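Heads up, the sequence shown is in the UniProt record's numbering, so the first residue is 1 and it goes up one at a time.
Ideal Cβ placement from N, Cα and C applies to all residues, glycine included.
The structure presented is a predicted model; accordingly, all values stated were derived computationally and were not measured.
Have a look at the structure below, then the notes.
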Amino acid sequence: MRHKFKVKQFGRRKKHRDAMFRNLVQELVLHERIYTTYTKAMYMRPLAEFVINKAKGDTRKAHHHLGKIFYKRDAKLKAMRELAPRFKDQNGGYVRVVKSHIRRGDKAQMAYIEYIGNSIEIFEEENRIREQETKNLPSFWEWEMKILEQEREFYENEIMRLTGQTTEAPQIEDTQEEVDDQVDHPKEETKDDETQTTQKESVKAEDLYTQNLVKNASSPIVDMSGSTLSQLSVSVANQIKHLEKNINRVEMDIELHIKEKDNKNYGRHFEPF
């Protein structure tokens, strides 16, 4: 009985499915990086690592075993002469699968599968370093680290601003009578050695000043009683508490970001050929 026995069929019979994976692994050995769908890449990964384990033997039995997998003799020789010596100190993890883009049409998730340490990967790394040196571009790690530090600095400045508001004494606005006096008797400006243009500018400034005073006079006077002040202090305390939580979150992100500094593939976005 076939209970709990499920195989991804890929719309093919078993023989057709086996032949498809043999072809994919053969092309992977020859080119060391191929593009396919993410599902196929994940299902062919065990066979790609199995080939390297068999090629490490370099015996007559290994030759026969690889001959049953590969259709071309060049793939068998490359697996035994180039790939096996490269991974002689590793017991696994020879293959990397990276998602790339969504295919147009059927919206399938595409990916590329590659053997670690291939020539394409080395060329891309050297090209990326050369481009950063010539154009003085920051790395993705440095760019993201700068954003996190700016975010933390913003939250700290907001906390300082809110704590400054709570410590300062509330300023009571002018009464209606004082505002009316200021409107009726605006401050006189000195006219010692000003030209005609400066006089016009001063007149415009006085008009704007009086307009602002009229607007302030029409606005309602804010009541600064004890109850309203207590409500304001509670709301400010809640805001400060929320900002402190955000600072803790950013600091945790910075710690995780520092751990990812030595990861060469961090922030790399590959595009298909």
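Per the DSSP secondary-structure output, Q90 pairs with nothing in a beta bridge.
Pairwise C-beta distances place the segment 76-95 out of contact with the segment 11-23, as fewer than three of them are shorter than 8 Å. Rounded to the nearest whole angstrom, the C-alpha separation of Q9 and L24 is 16 Å. Within a 10 Å sphere around the beta-carbon of M252 sit fewer than 16 other beta-carbons, which makes this residue exposed.
Counting along the chain, H101 sits inside the beta strand (DSSP E) bounded by residues 95-102. By the C-beta density criterion, L256 is exposed, having fewer than 16 other C-beta atoms within 10 angstroms. The distance from the Cβ of Y155 to that of I258 is about 19 Å, inconsistent with a contact at the 8 Å cut-off. Linking W141 to E133 through their CA atoms gives a straight-line distance of about 15 Å. In the three-state DSSP reduction, R22 falls in the helix class (H, G or I). Residues of the same chain with a CB within less than 6 Å of the CB of R73, apart from the 5 flanking positions on each side, do not exist. Within the same chain, Cβ atoms closer than 7 Å to the Cβ of I254 are found at L148, the five residues on either side in sequence being excluded. DSSP places I116 in the coil class of the three-state scheme, outside both helix and strand. The Cβ-Cβ distance between K56 and A62 falls below 9 Å. Contact between the segment 119-127 and the segment 34-44 is absent: fewer than three C-beta pairs spanning the two stretches fall below 8 Å.
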